[in-house]
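Colleague:
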Amino acid sequence: MTHLAKDMTPDVKWRDITPGCNIFEGGTSASVQTGDWRVLKPVIDWDKCRQCLLCAPVCPDMSIPVGKDGKRGEFDYFYCKGCGVCANVCPFDAITMVKDEK
Amino acid sequence: MAYNLKENLMKEDRFSGGHRMCAGCGSPIAVRTVLRALDPEDKAVVCSATSCLEVSTFMYPYNAWKDSFIHNAFENAAATISGVEAAYNLMKKKGKIDETWKFITFGGDGGTYDIGFQSLSGAFERGHDFVYVCYDNEAYMNTGIQRSSSTPHFADTTTTPAGTVIPGKLQQKKNLTRIMVAHGSPYVAQTTFIGNFRDITEKAHKAIYTKGPCFLNVMAPCPRGWRYPTEKLMEVTKAAVETCVWPLYEVIEGKYVLNYMPKNKLPVEEYLRLQGRFAHMFKPGNEWMIEQVQQEVDKNWEDLLKLCNM
Amino acid sequence: MGIRERLSGNEAVAYAMKQINPDVMGAFPITPSTEIPQYFGAYVDNGEVDTEFVTVESEHSSMSVCIGAQAAGCRAVSATSSCGLSYMTEMLYVAASDRLPITLAVSCRALSGPININNDHSDAMSVRDTGWLMLFAETNQEAYDNYLQAMRIGEAVDLPIMICQDGFITSHAIENIELVETDKVKAFVGEYKPRHYLLNKDEPIAVGAYATPTYYIESKRLQAQAMMDAKDVIRKVGAEFGEMTGRRYELIEKYMMDDAETAVVIIGSSAGTAKAAVNELRESGKKVGLIKIRAFRPFPAEDIADALKNVKAFAAMDKSDSFNAHCGPLYAETCAALYANGVCAPKGINYIYGLGGRDVRVESIKTVFSELDKIAETGETGDTYRYLDVRE
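Chains as they are written, first to last, in our numbering: chain A, 1 to 102; chain B, 1 to 310; chain C, 1 to 392.
1) Whose Cβ in chain C lies nearer than 8 angstroms to the Cβ of D67/B?
2) By alpha-carbon positions, which one of T80/B, N259/B and F197/B ends up nearest to E59/C?
3) With a CB to CB cut of under 7 angstroms and the five nearest residues on each side skipped, what residues in its chain are close to I17/A?
4) In its own chain, which residues sit with a C-beta less than 8 angstroms from the C-beta of Y87/C, not counting the 5 before and 5 after it?
5) Bridge partners of C108/C, per DSSP?
6) Based on Cα-Cα distance, which residue from C327/C, G47/C and M227/C lies nearest to A446/C?
7) Bridge partners for I104/B per DSSP, in chain order?
8) Along the stretch 35-64 of chain C, what residues have a CB closer than 9 angstroms to any CB found in chain B?
9) State the DSSP-derived secondary structure class of M219/B, mapped to helix, strand or coil.
10) If you reduce the DSSP assignment to three classes, tell me which class I267/C lands in.
11) What's the gap between the Cα of W226/B and the Cα of C21/A?
12) Should the stretch 22-40 of chain A be regarded as contacting the stretch 198-206 of chain C, the criterion being three or more beta carbon pairs within less than 8 angstroms?
13) Between E250/B and V257/B, how many whole angstroms is the CB-CB distance? I'm expecting something under 8 angstroms.
14) Check whether chain A comes within 9 angstroms of L344/B, counting only Cβ atoms and requiring the distance to be less than that.
15) What's the call for T164/B, buried or exposed, on a 16-neighbour Cβ count within 10 Å?
16) Relative to the alpha-carbon of I115/B, which residue among E85/B, F74/B and T151/B has its alpha-carbon at the smallest distance?
17) Find the residues of chain A that neighbour R60/B, judging by a C-beta separation of less than 8 angstroms, and give them in chain order.
18) Looking at the structure shown, is R221/C part of a helix, part of a strand, or coil, going by DSSP?
19) So, helix, strand or coil for V397/C, using DSSP?
20) Taking Cβ-Cβ distances shorter than 8 angstroms, what residues in chain C pair up with A73/B?
21) Taking all protein chains shown into account, decide if M261/B is buried (16 or more other Cβ within 10 angstroms of its Cβ) or exposed.
22) So A30/B and A220/B are supposed to be a Cβ contact under 8 angstroms. How far apart are they, rounded?
23) Which first and last residues belong to the alpha helix (DSSP H) in which A397/C is found?
24) Is there a Cβ from chain A that is less than 9 angstroms from the Cβ of K6/B?
25) Find the nearest neighbour of Y147/C within the set D158/C, C164/C, I177/C and G131/C, judged by alpha-carbon distance.
26) Please determine, among F15/B, L233/B, H153/B and R273/B, the residue with the shortest C-alpha to C-alpha distance to Q295/B.
27) Return the bridge partner residues of D318/C from the DSSP annotation.
28) Return the chain-ordered list of same chain residues with a C-beta closer than 6 angstroms to the C-beta of A276/C, the five sequence neighbours on each side being excluded.
29) So, are the CB atoms of T157/B and C134/B less than 9 angstroms apart?
30) Whose CA, out of N309/B, A189/B and R277/B, lies closest to the CA of V34/B?
31) Roughly how many angstroms separate the alpha carbons of M97/A and F193/B, rounded to a whole number?
32) Buried or exposed: which applies to I169/C, given that a residue is buried once 16 or more other Cβ atoms fall within 10 Å of its Cβ?
33) Tell me which residues share the same chain as T182/C and place their Cβ nearer than 7 angstroms to its Cβ, disregarding the 5 neighbours each side in the sequence.
34) On the DSSP bridge list, what partners appear for C214/B?
35) Would G342/C and A295/C be called neighbours here (beta carbons separated by less than 9 angstroms)?
36) If you follow the beta strand (DSSP E) that T55/C is part of, which residue opens it and which one closes it?
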């Protein structure tokens with residue numbers, strides 16, 4: 001039996017659970033989809049985006065990745081909760097919040 | 001090294017998505033920004049007081065922290081990190097570890113201004129080498145928006161509801177930043193999210209890389225508790241700074257430095273009216289509340305300017 | 001073999017700490033355990049130990065420091081008494097739940113109020129359900145010996161351990177004691193090698209989760225197992241210690257129990273007084289005996305049931321009261337132990353005694369035995385919940 005977080009399923013038996021509910025890995029929340037909380041979804045108009053990056057640090061959910069080339073990429077909708085801070089902060093109106101059709 | 005937003009954002013986040021903080025919450029923004037101020041080669045142990053942040057970032061088995069993390073209880077984050085830092089010193093002394101570790105503690109205002117204040121004060125007096133980051137959202141948000149000693153005057157909270165006899169919280173906000181300065185800390189700063197995040201990032205880097213106990217007070221709005229639409233976060237923090245409700249300053253070895261002087265200091269209404277928790281202050285007959293808050297903000301601002309020799 | 005010394009119980013514990021050279025100590029003064037950090041502070045300041053000595057602003061913080069340090073990968077220790085132990089209570093639960101084998105020396109003292117600095121067990125008993133292992137000492141020698149065994153026991157099951165002695169009675173009284181040579185101590189205690197710890201550069205860990213109902217009870221069940229497993233560990237470590245020193249330790253000590261018809265069950269220094277009473281009564285032909293509880297956590301239910309199964313009557317002696325209009329904790333658990341092990345014949349009564357430092361005399365214990373005699377003869381227990389030596 002490993003003590004990996006992925007094995008700590010809701011069916012885990014008491015002998016197998018990690019002692020003290022401690023976790024021996026970093027960043028295990030990465031598998032949690034918080035994108036399904038979303039009501040509105042940010043959509044970027046790449047023609048308007050000037051890569052000023054002001055949207056990236058305001059994201060509470062690490063959903064605006066900035067690549068090795070120093071440019072922001074597509075939203076990470078797996079985590080994005082649709083708060084809209086990025087859209088509001090964009091100086092070029094490149095981000096629009098639209099109803100999320102799931 | 002000059003701050004560059006692009007370079008800063010190209011550093012890998014040390015905080016993972018999949019945490020359960022509310023949409024638009026200020027606290028994870030503070031956390032990821034402070035952690036991005038770590039030099040990538042340095043290791044870190046992060047500690048959190050019991051708070052929204054803690055229960056949302058380490059709900060078993062899901063842990064949003066990529067660095068080693070410890071949560072202990074509500075009132076003892078500073079004492080807990082003291083123990084971790086003492087262990088580091090011992091292991092370093094005995095040659096058990098070579099690498100550099102940094103120690104960063106997060107607490108909400110309840111866990112910092114109130115119940116955690118004794119352990120915070122003790123840790124600063126003892127002089128452990130760590131950073132305490134208060135993400136200040138001005139009430140006990142995790143339990144449902146109860147007043148703390150950080151809650152501003154007249155704010156409508158669930159334990160200080162704006163009633164027919166008592167108009168919200170009767171006391172002013174405790175000035176914790178200055179109390180931490182009085183501890184003789186080598187670096188204390190007050191910041192929030194502004195523009196390209198230069199202010200908070202530079203302060204976080206200084207706090208992490210100044211030896212000794214350093215304190216960052218980060219205004220981290222709570223859309224639920226402050227009652228503003230989530231997307232308005234950066235408008236709220238900007239208004240806090242432009243009205244001088246939340247001035248940006250730092251205190252280096254006891255020397256006060258103002259980091260931002262508003263060109264036109266805005267009236268407090270510009271900040272208060274953005275938030276539902278102050279809505280009752282705008283009702284006819286309640287103008288005196290706004291006037292009073294304006295006087296209080298003015299006095300605090302003048303005091304700060306004097307401390308900054310301005 | 002061994003080093004002859006004369007030490008108070010507090011100094012003996014501080015000396016044991018020095019020999020072990022723990023990594024981190026969270027220290028805060030409270031009577032009567034204050035001398036432990038005092039002695040230890042002198043070792044630190046004179047360079048006799050490597051320990052990071054963190055002199056905190058409260059007992060709550062001293063336990064918090066221990067939790068942080070032990071989670072980080074170090075051996076952490078502290079010492080306290082009375083209200084200090086109460087103030088730590090919240091963190092005691094966390095230390096046990098986080099499975100951190102911290103060692104805490106407790107010089108037991110009455111809880112307020114009224115405020116009282118003298119010995120009883122109300123402090124230790126009030127934290128008996130926190131998940132800590134708890135060993136009690138009758139003498140200074142036992143306090144020292146228990147301390148030397150503490151880390152071996154705690155670290156084997158990943159549970160924190162309390163080494164309790166009686167405030168003033170042993171903590172301050174100076175007795176002849178036999179110390180173990182430091183090199184032998186170090187070899188016996190060994191190095192601390194945690195499997196997971198915060199300051200491991202190759203494996204980030206997260207300690208102190210929020211556990212939903214989906215996981216909480218499984219985690220507690222695992223913790224409960226560690227406490228059960230500790231019984232064998234305590235016996236094994238006690239036997240190994242015996243091989244080294246000639247002083248063997250079990251979960252309980254049986255004194256004159258082989259043919260005993262009546263017995264007292266007792267904890268701590270009063271066991272010495274009670275042994276004197278047993279000796280005198282034995283001289284007059286009475287078949288009396290005594291069971292001393294060394295390990296209160298884990299509770300040695302089987303050992304107690306086995307030791308009491310042939311007595312006609314026993315008294316469980318509680319140096320604290322549960323204020324439940326019924327009995328103290330030792331009586332409750334002793335009776336539960338008998339019932340659980342199918343031992344129903346002995347009649348049992350409970351005495352609350354020695355609260356707040358009330359002297360316990362040989363005569364007091366003889367009174368208890370004379371009451372047990374009556375019960376053994378008549379089969380009538382009368383009131384089972386009694387106070388000893390209280391002015392009527």
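Ideal Cβ positions, reconstructed from N, Cα and C, are used throughout, including at glycine.
Modeller: This is what the structure holds:
1) If you number the second sequence from 1, residue 67/B lands on position 67. By Cβ distance, chain C contributes P204.
2) For the purposes of this step, residue 59/C is taken as the residue at position 59 of the third sequence. Here the closest residue by C-alpha is T80/B.
3) Start at 1 with the first residue of the first sequence, and residue 17/A comes out as number 17. So the qualifying residues of the chain are M8.
4) Position 87 of the third sequence, counted from the first residue, corresponds to residue 87/C. Answer for Y87/C: S58, E59 and H60, listed in chain order.
5) If you number the third sequence from 1, residue 108/C lands on position 108. In the DSSP output, where bridge partners are listed per residue, C108/C has D166/C.
6) Here chain C comprises residues numbered 1 to 392, so residue 446/C is not present and cannot be evaluated.
7) Along the second sequence, read from residue 1 onward, the residue named residue 104/B stands at position 104. Paired residue(s): V46/B and V131/B.
8) Going along the stretch 35-64 of chain C in chain order, one finds D50, T51, E52, F53, V54, T55, V56, E57, S58, H60, S61, S62, M63 and S64 with a Cβ nearer than 9 angstroms to chain B.
9) Counting from 1 along the second sequence, the entry for residue 219/B is found at position 219. In this structure, M219/B counts as strand in the three-state DSSP scheme.
10) Walking along the third sequence from the start, residue 267/C turns up at place 267. Here I267/C sits in strand by DSSP.
11) Numbered from its first residue, the second sequence carries residue 226/B at position 226. Numbered from its first residue, the first sequence carries residue 21/A at position 21. Taking the straight line from one Cα to the other gives about 34 angstroms.
12) yes
13) Within the second sequence, numbered from 1, the residue matching residue 250/B stands at position 250. Within the second sequence, numbered from 1, the residue matching residue 257/B stands at position 257. Yes, E250/B and V257/B are in contact; Cβ-Cβ is about 5 angstroms, under 8 angstroms.
14) Not covered by the structure: residue 344/B. The range shown for chain B is 1 to 310.
15) As a working note, residue 164/B is residue 164 in the second sequence. Exposed, since its Cβ has fewer than 16 Cβ neighbours within 10 Å.
16) As a working mapping, residue 115/B is identified with position 115 in the second sequence. Ranking the options by Cα distance to I115/B, first place goes to F74/B.
17) Residue 60/B sits at position 60 when you count from the first residue of the second sequence. With the sequence shown as reference, residue 60/B is identified as Tyr, and Arg is not the correct amino acid for it. Near Y60/B (Cβ distances below 8 angstroms), the residues of chain A are M8, C21 and I23.
18) Locating residue 221/C in the third sequence gives position 221, where the first residue counts as 1. Helix.
19) Residue numbering for chain C in the displayed model covers 1 to 392; residue 397/C lies beyond these limits and cannot be assessed.
20) By 1-based counting over the second sequence, the position of residue 73/B is 73. Per Cβ cutoff of 8 angstroms: S64, E90, M91 and V94.
21) Start at 1 with the first residue of the second sequence, and residue 261/B comes out as number 261. M261/B is exposed by the Cβ-count criterion.
22) Here residue 30/B is taken as the residue at index 30 of the second sequence, counted from 1. Here residue 220/B is taken as the residue at index 220 of the second sequence, counted from 1. 5 angstroms between Cβ atoms; contact.
23) Any question about residue 397/C goes unanswered here, given that chain C covers just 1 to 392.
24) In the second sequence, the residue the question calls residue 6/B occupies position 6. Yes, contact with chain A.
25) By one-based count along the third sequence, residue 147/C stands at place 147. The residue with the shortest Cα to Cα distance from Y147/C is C164/C.
26) The residue you call residue 295/B lines up with position 295 of the second sequence. Ranking F15/B, L233/B, H153/B and R273/B by Cα distance to Q295/B puts H153/B first.
27) Sequence index remark: in the third sequence, residue 318/C carries index 318 (1-based). Secondary-structure assignment with DSSP links D318/C through a beta bridge to I352/C.
28) Mapped onto the third sequence, residue 276/C falls at position 276. Cβ within range, chain order: V362.
29) Counting from 1 along the second sequence, the entry for residue 157/B is found at position 157. Counting from 1 along the second sequence, the entry for residue 134/B is found at position 134. Cβ distance not < 9 angstroms, so T157/B and C134/B don't count as in contact.
30) For the purposes of this step, residue 34/B is identified with residue 34 of the second sequence, where counting begins at 1. Answer by Cα proximity: A189/B.
31) Position 97 of the first sequence, counting from 1, holds the residue named residue 97/A. Position 193 of the second sequence, counting from 1, holds the residue named residue 193/B. Cα to Cα, the separation comes out at about 22 angstroms.
32) On the third sequence, residue 169/C is found 169 positions in, with the first residue counted as 1. Under this definition I169/C is a buried residue.
33) Taking the first residue of the third sequence as 1, we reach residue 182/C at position 182. Taken in chain order, the residues that qualify are Q19.
34) Looking up residue 214/B in the second sequence gives position 214. C214/B is bridged to V131/B and Y187/B.
35) Position 342 of the third sequence, counted from the first residue, corresponds to residue 342/C. Position 295 of the third sequence, counted from the first residue, corresponds to residue 295/C. Not a contact, by the Cβ cut-off of 9 angstroms.
36) In the third sequence, residue 55/C corresponds to position 55, counting from 1. Here the beta strand (DSSP E) through T55/C covers E52 to T55.
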